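Take 26 as the starting number for the sequence shown in this note's numbering and just add one per residue.
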Amino acid sequence: MIQTTPMVKQYLEIKSQNKDSIIFFRLGDFYEMFYEDAELASRELELTLTGRGQGDNRMPMCGIPHHAAESYIARLVSKGYKVAICEQVEDPALAKGLVKREIVKIYTPGTTIESSMLSQKTNNYLLAVSYEKNRFGVSYIDASTGEFKITEIDDPQTLFDEINRINPSEILFSDMWQENVPEYFALRISRFKDNYDVQAASDKLKNHFKVVSLASFGIETFTVGLSSAVYILNYLEETQKTALKHVNKIVPYRINQYMFIDSQTRKNLELVQTARDKSFKGSLLWVLDHCSTNMGSRLLRNWLLMPLMDVDELNSRYDAVEELKNDTILRAELVEKLKRVFDIERLTSKVASSSANAKDLIALKESLNEIPGIKMLTKKFTSLLLSQISLISDLPEVKEIINSSITENPPFQIKDGGLIKDGYNAELDELRKITRGGKSWIAELENTERLKTGIKSLKVGFNRIFGYYIEVTTANLPQVPQDYIRKQTLTNCERYITPELKEKETLVLNADEKTKELECNLFCGIRSKIAEFTAAMQATSHFLAMLDVLISLAESAAFGKYCRPKVLPKGDNLDCCLWVSGSRHPVVEKSIGEHNFVANNVEMNSESRFLLITGPNMAGKSTFMKQTALIFIMAQMGSFIPAEKGELPIVDRIFTRIGAMDDIFSGQSTFMLEMTETANILNNATEKSFIVLDEIGRGTSTFDGMSIAAAVAEYIHNNIKAKTMFATHYHEITQLADKHPGMKNLNVAVKESGDHITFLHKIVDGPADRSYGIQVARLAGLPNEVVSRAKEIYATLEMVENDLGEKSSKLKEVSALKKIRRSKNTQEDTGQVSLF
Ligand SMILES: Nc1ncnc2c1ncn2[C@@H]1O[C@H](COP(=O)(O)OP(=O)(O)OP(=O)(O)O)[C@@H](O)[C@H]1O
Ligand SMILES: [Mg+2]
């Protein structure tokens, strides 16, 4: 082993207590990493790996200057690592022997609150899962905003779907759950030791929130959930090492309080990012987000991912959007004000966790200054949500504290001075007087010495090593007075000091030092005073974010010519009724232009709750189905919908099985994946769900595929009774509508002239008569030779098919497919092979 110096011993001890973190070990002006941490960090950060010692004793190390640390930490944390900052916690000048060092903070992906490490428009969640007797407790927090939620879940599938929706950056998982956490959570997962004890958990939470009973939050009946909340708090304490004042409430929720959107559907419908390149542009959120503040953007995203199920709540959102939509001028004035509001939500958390700087306080003050104006503008609104805005506080106490103390343009660093206004603190004013006095004496010195000595080129300067000096060029050396003391000789000049100059210098530098220290202390005091208003600031930020979201929805409604949906109250006979006229796909419409998009009507009722949609490739089947799903989601998040008029039932879940997007990472074949997803839909959809099935059964042989598709369609129609849109290229399937009362055929019209087809994108009643696949292939630029050969083969196949149809008892019933397949197979062996 290595010859251990005391410092290495100190390092190894600290490392042994923080094995899963990369240790940033403070040495003078650097943070150094050693051994495996150094190897890892040099790889991840492209730093030069150096080392101390030789052979077996060699200790790999690498380092970064302490002032540049934040960007390196951010890079490591974004890659999922934990970084522990180990500082010197005593003054090296006063230390006896080795300087004491301690971990002062641990940065982890799920706990960061530094703005430079966070994405401004999304939340950053830390999530914990506890487990006991087949029940999961789930809590999650955004430490940068203080949002803290808790729920309990009964089965693993729902748990994983919920985790997926929350999309945390870091997960703490109970070690009581023995099974693996699915690997698709490619992020930091730590196991924690779960000592399940409801009483202890409850005590800890009561203690943290300073409440007598958990009933204050409505979580008194929770059991396993409480442990997950406690693990979150423990973890935050362990890593932040500071008070968690902004974590002052916990909000319970039920999974079925919101429309359930599984992760596949979120991807397929491109709600927050596109499926292909994961970009924001092209997603539904891209169309809807006109927020002026980052807190608004975050809330809008949450509304989108958690659509509501309650008609009254939705109507209040529509009421507000409607009022705002109708008043363009007022809306523009509000936007102008909101654009000057900073992220009060995150600023509050920074204040409460003592990490705000003086610039943050100024940003807070400037934001609060906008509130009276905003309240004035919203006064005339009568809707419930907007009238709440007039009740928010602009926190005059906070403004006053900041106004009286913090300079208008302070530096970033709180240790650099220049933060506190003159007149705020007598001691500070006194120190500043001394500094200013000393500095002006020194500034005057150049003049007086020039006059005294007659050296016109005499200069007074300052450098960090010698402090203040008087500089005289070589030519003038004979005139230098006796009392000058030589300090430094340069090529063309000599530098001197005088006792008086040094005296003033000490005074100035001491006072400067003291000023900075005092300013820093005063600032921390001011920040703590403001932290007492945390809850009120959070409430204010919440209402402003809500206003911002409502305005944003009104803007999209106005730009996009959206209409207010009518959501139908619960009632069994209405659950399958849907009626939307002039419906459009919000994203495609925005991309190709309003005038190029063909609007369509959608109607579903007890005779058409299952729509079978056929039509040529490229006709617009998938677009039509997706837009209907998006309309449900938009309606249930409180948005207006891209249509002329619409009445919709509340849906509890949306499922989509769309296209064969190969997922090479899941290790499943395309077909296997398709069937797994279909199984999930069949097992979880209810009568109140909306299902989109786009060409299922495509990934296998025609007859297997067709049989599966038909059976799935029948099962949904007969057993689940969910509203369903089912697109298929298997024309035989259209016959299912004859036998099933809730099924109806639709197709997408095309105009055919000779070999050419024009897409009309218009949905019409009835099944499509043929599929035009070959024409579309030609449009795509397949070589002419291939296209004509395909036509020949098609003609031959058609003959075989007709022949077969006559021989067997007609292809009317899909239930007969199996039989036909057998006979077809024998044909294939003999007849079909010879075709090619
Ligand atoms: N209503 C519409 N108005 C204008 N353009 C549309 C409309 N619907 C679809 N399109 C355009 O047609 C393209 C193809 O649509 P879509 O993918 O929905 O076709 P499809 O019928 O599902 O085809 P396939 O059978 O090959 O899957 C879309 O990308 C869009 O640009
Ligand atoms: Mg399609």
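Positions of the beta carbon are idealized from the N, C-alpha and C atoms, including for glycine. From a predicted model like this one, the values you see are computed outputs, not experimental measurements.
Specify, as a first and last residue, the run of the beta strand (DSSP E) that residue i falls within.
i	result
P85	84-90
D167	160-167
When every heavy atom of ligand 1 is checked, does at least one fall within less than 7 Å of the C-beta of residue i?
i	result
G645	yes
I617	yes
F622	yes
V612	no
T648	yes
V108	no
N625	yes
N642	yes
H756	no
V773	yes
Could you spell out the range, first to last residue, of the alpha helix (DSSP H) harbouring residue i?
i	result
V533	524-556
I399	383-403
G806	Looking at the DSSP string, G806 is not in any alpha helix (DSSP H), and its letter there is neither H nor E.
Q113	Per DSSP, Q113 belongs to no alpha helix (DSSP H); it is in the beta strand (DSSP E), 107-113.
Y260	249-265
F728	727-740
R371	369-377
Q182	181-191
F649	646-662
L6	Outside the displayed range of the chain (26 to 861) lies residue 6, so it cannot be described from this structure.
G462	451-478
Can we count residue i as close to ligand 2, meaning its CB is less than 7 Å from some heavy atom?
i	result
D763	no
A300	no
A805	no
D368	no
A168	no
A654	no
D719	yes
A752	yes
Please report the Cβ distance between residue i and residue j, rounded to the nearest whole angstrom; I am assuming they are in contact, meaning their Cβ atoms lie under 8 Å.
i	j	result
V360	L575	That pair is no contact at about 12 Å.
V312	V612	6 Å
Q652	S581	Their Cβ separation, rounded to whole angstroms, is 15 Å, which puts Q652 and S581 out of contact at 8 Å.
T267	I131	Actually they do not touch by this definition, with Cβ atoms about 12 Å apart.
G663	L296	Actually they do not touch by this definition, with Cβ atoms about 15 Å apart.
D419	P397	6 Å
I178	E172	Not a contact, Cβ separation roughly 19 Å.
S155	D219	6 Å
E348	F285	About 30 Å separates the two Cβ atoms, so there is no contact after all.
Taking 7 Å as the cut-off, is the CB of residue i close to at least one heavy atom of ligand 3?
i	result
A94	Ligand 3 is not part of the structure shown, which contains ligand 1 and ligand 2 as its ligands.
If we count the other Cβ atoms within 10 Å of its Cβ and call it buried at 16 or more, is residue i buried or exposed?
i	result
M334	buried
L37	exposed
K477	exposed
M824	exposed
K34	exposed
A820	exposed
R814	exposed
H92	exposed
A654	buried
Q79	exposed
T176	buried
Q800	buried
H620	exposed
Y260	buried
Counting contacts by CB-CB distance shorter than 8 Å, is residue i in contact with chain C?
i	result
R77	You won't find chain C in this structure, because it holds only one protein chain.
*Does the count of Cβ pairs from the segment 360-373 and the segment 420-431 closer than 8 Å reach three?*
no
*State whether the segment 371-384 contacts the segment 513-530, with contact taken as three or more CB pairs (one from each stretch) at a distance under 8 Å.*
no
*Please confirm if the segment 472-488 is in contact with the segment 588-597, defined as three or more CB-CB distances below 8 Å between the two stretches.*
no
_Three CB pairs or more closer than 8 Å across the segment 719-730 and the segment 750-762_ = yes
*Is the segment 696-703 touching the segment 658-665, taking contact as three or more C-beta pairs under 8 Å?*
Taking 8 Å as the limit for Cβ pairs, the verdict is that the segment 658-665 does not touch the segment 696-703.
_Would the segment 562-573 count as touching the segment 638-652 if we require 3 or more Cβ pairs under 8 Å?_
Counting Cβ pairs under 8 Å, fewer than three are found: no touch.
*asked:* Check whether the segment 64-71 and the segment 97-116 touch, using three or more Cβ-Cβ pairs below 8 Å as the test.
replied: yes
*With contact counted as at least three CB pairs below 8 Å, one residue from each stretch, are the segment 499-517 and the segment 432-441 in contact?*
no
*Cβ contact (3+ pairs, closer than 8 Å) linking the segment 289-309 and the segment 543-563*: Taking a contact to require three or more Cβ pairs closer than 8 Å, the segment 289-309 and the segment 543-563 do not qualify as touching.
_Stretch pair the segment 269-286 + the segment 161-175: three plus CB contacts closer than 8 Å_ = yes
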